[in-house]
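Reviewing the structure listed below.
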Amino acid sequence: MEPIISIQDLGKTYAGGFTALKKVNLEIQRGEIFALLGPNGAGKTTLISIVCGIVNASQGNVTVSGYDIQRDYRRARREIGLVPQEISTDAFESVWSAVKFSRGLFGKAPNPSYLEKILRQLSLWEKKGNKIITLSGGMKRRLMIAKALSHEPHVLFLDEPTAGVDVELRQDMWAMVRGLRDSGVTIILTTHYIEEAEEMADRIGVINRGELVVVEEKNALMQRMGEKELSLTLPEPLQKIPDALADLPLRLNSDGSELIYRFDIKSEDTGIAEFLRCLNAANIDFRDLHTRESSLEEIFVNLVHGEHQKHEGQLSGEMQE
Amino acid sequence: MNWYGIGAIYKFEMARTWRTLMQSIVWPVLSTSLYFIVFGAAIGARMGNIEGVSYGAFIIPGLIMLALLSESISNASFGIFFPKFSGTIYEILSAPVSVFEIVAGYVGAAATKSIVLGLLILVTARFFVDYEITHPVWMVVFLVLTALTFSLFGFIIGVWADDFQKLQIIPLMVITPLTFLGGAFYSISMLPAVWQKITLFNPVVYLISGFRWAFYGVADVNIGLSVGMTLLFLILCLLATWWIFRTGYRIKT
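Taken in sequence, the protein lines are chains A and B. Take 781 as the starting number for the first sequence in the working numbering and just add one per residue. Take 441 as the starting number for the second sequence in the working numbering and just add one per residue.
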């Protein structure tokens, strides 16, 4: 199936010389939820801003539903709804006139019943006559989403959609985003909350220092890069790992009450049977056991940290030369 | 052409005018009326005619021009500056609207407001002084051309300005002095010869002179020159606007 967004060799160097993106290649599939993760300043917002037409690219091509964002910008932009990171609204406008404005701006004929549907979905219908300045932070954020959806886009960019939003509202937003995906809208979201990506995304892209470090299906990524731990709760704390077990990938928790065995999920031989035999031979008993998989957050941190070390290594290598 | 897009920007800007009616319409009409009362009805009665026109009537075109220039600039500059300031410009930039459509929406609304204001001042002046309009079509042509040109100029200032002070500096420090010294209250033929020559470098002279000609058939400079200068300034503003969007100057990074 043809991707809904195709990004080829996209680069951006700002006037001050800062390179925000380095030849990024990415394809977004129709109907998926794609989470773009990265530390601050990694290039997430620049990438989104170029696709949406807010920032000019220095190099590369982007198409949305097959329309080039430069040559065929009208059709490309009609496909896109954008919810920016900052809540930017006209404080003295009413909710209703704000969504009506957005729909008109994107070249769509008035459709009050559609706008009503959107406002009802976002629990804003009762506030339609209220000035934006009177809305709470969460309502303003929902209004931003309503504005982005007002022209019936096929792609929705959500740049940090739940930043500063309380837990309950975040859950509501996640449910709403899933609902949008079910209605056929492709969602691209950037987030600092890794659990948000873990909870919602079909695919994950990690961007760091303007480069896409990894793009992969979430489950595959977690399986490929994730590790699993088997923790044994000991009846008596240990001071150190017994010599008989020294060759195994083991560690003790801080108070010595848990022995933790790390193993590779994908490996055919996890070594658990051998570990338990060694434990028995060393006459070490345990009261309880449980396993834990590494979270997306740990994978993300490892990826970004690994890239950071690689970058530092390159820098020191260059300095030595 | 994205007509709905132009309409959305235009209606949004016009709605802002009605929300700020006192500041946008009532105050400019009131302040200009004070000039009519002081210089027209009170002092004007003691002053002689200028080129056969009573002083109170003579200053009407200049005062309308003063309001038209300052309001066109401030309406259009604030219209585009505020979205930049508040961050809502993202929506304009990410929408399927062309440069022409964006400018048509903002400048069209600013010019409409100025024209309405100019006509209101004209009607209000009738309460204080008698006047006639010899060439009503030309009067409207000058009114519309000037409102459009200076709204476009205001749009450029709004893009250029990165703080509120810069937004005010051109209207207050440049346009108002040029209007006062451009023959709003006198005929430039009343100046010493050398100042008459210097005054011709003031572009506002051509606007006021042409506009006054439309009222009373008297002008400081040739009417063709007045139209030509107005059109020249319009073209310069159009070129500057085209350059702004081509380069993304102070709008896109």
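Every residue, glycine too, gets a C-beta built ideally from N, C-alpha and C.
Residue environment for leucine 938 (chain A): buried (at least 16 other C-beta atoms within 10 angstroms of its C-beta). By the rule that beta-carbons nearer than 9 Å mark a contact, threonine 869 (chain A) touches chain B.
Contacts between threonine 528 (chain B) and chain A, judged by CB atoms closer than 8 Å, involve Ser868, Thr869 and Asp870 in chain order.
In terms of Cβ geometry, glycine 598 (chain B) and serine 534 (chain B) do not form a close pair [threshold 9 Å]. Your pair lysine 1008 (chain A) and tyrosine 444 (chain B) does not check out as a contact, with CB atoms roughly 55 Å apart and the cut at 8 Å.
A straight-line Cα-Cα distance of about 13 Å links glutamine 850 (chain A) and arginine 858 (chain A).
Listed along the chain, the chain B residues whose CB falls inside 9 Å of the CB of serine 877 (chain A) are Lys451, Phe452 and Ala455. Two segments are said to touch when three or more pairs of C-beta atoms, one from each, lie closer than 8 Å; by this definition the region 861-870 of chain A does not touch the region 972-988 of chain A.
Non-local beta-carbon contacts of glycine 823 (chain A) in its own chain, meaning distances under 7 Å to residues more than five positions away in sequence, involve Ala800, Leu801, Ile987 and Gly990 in chain order. Residue pairing for glutamine 463 (chain B): DSSP places it in no beta bridge. By the neighbour-count criterion, in which 16 or more other beta carbons inside 10 Å mark a residue as buried, alanine 815 (chain A) falls on the buried side. Interface criterion met: the Cβ of serine 882 (chain A) is under 9 Å from a Cβ in chain B. Taking the beta carbon of glycine 447 (chain B) as reference, the chain A residues within 7 Å of it are Gly884, listed in sequence order. Looking at the DSSP output, glutamine 788 (chain A) sits in a beta bridge with A:Asn841. Near chain B, meaning a CB-to-CB distance below 7 Å, no residue of the region 992-1022 of chain A qualifies. Contact of leucine 461 (chain B) with chain A is not assigned, every C-beta pair being separated by 9 Å or more.
Lysine 880 (chain A) counts as buried, since no fewer than 16 other beta carbons sit within 10 angstroms of its beta carbon. Taking 3 residues as the minimum length, the beta strand (DSSP E) runs contained wholly in the region 849-905 of chain A are 860-863, in order along the chain. Taking the C-beta atoms as reference points, glutamate 812 (chain A) is found nearer than 9 Å to threonine 966 (chain A). As the crow flies, the alpha-carbon of glutamine 605 (chain B) is around 21 Å from that of threonine 681 (chain B).
Within the same chain, and ignoring the five residues on either side of alanine 654 (chain B) in sequence, the residues whose Cβ sits closer than 6 Å to its Cβ are His575, Trp578, Met579 and Phe582. Secondary structure of tyrosine 626 (chain B) (DSSP, three-state): coil. Close partners of arginine 858 (chain A) in chain B (Cβ separation under 8 Å): Pro536. The beta carbons of valine 569 (chain B) and isoleucine 500 (chain B) sit about 7 Å from each other, so the pair counts as a contact at 8 Å. Straight through space, the alpha carbons of leucine 1056 (chain A) and glutamine 901 (chain A) are spaced by roughly 54 Å. In the three-state scheme derived from DSSP, where H, G and I count as helix and E and B as strand, tyrosine 1041 (chain A) is classed as strand. The beta carbons of valine 935 (chain A) and isoleucine 984 (chain A) sit about 18 Å from each other, so the pair does not count as a contact at 8 Å.
The beta carbon of aspartate 660 (chain B) is closer than 7 Å to those of Gly623, Ser627, Ile628, Ser629, Val645 and Ser649 in its chain, skipping five residues each way along the sequence.
Per the coordinates, the alpha-carbon of alanine 587 (chain B) lies some 27 Å from the alpha-carbon of glycine 527 (chain B). In this structure, valine 844 (chain A) and isoleucine 784 (chain A) form a Cβ contact; the two beta carbons are roughly 7 Å apart against a cut-off of 8 Å. Apart from the 5 residues on each side of it in sequence, phenylalanine 673 (chain B) sits with its Cβ closer than 8 Å to the Cβ of Thr589, Phe593 and Pro643 in its chain, given in chain order.
By the neighbour-count criterion, in which a residue is buried when 16 or more other Cβ atoms sit within 10 angstroms of its Cβ, leucine 647 (chain B) is buried. Counting along the chain, the unbroken beta strand (DSSP E) around glycine 985 (chain A) starts and ends at 983-988.
Shown here, tyrosine 973 (chain A) sits in coil according to DSSP, grouped into three states, outside any helix or strand.
For the pair of segments examined, the region 905-917 of chain A was found not to touch the region 549-561 of chain B: the number of CB pairs separated by less than 8 Å stays below three.
When the Cα atoms are used, alanine 1062 (chain A) and proline 1022 (chain A) turn out to be separated by approximately 8 Å.
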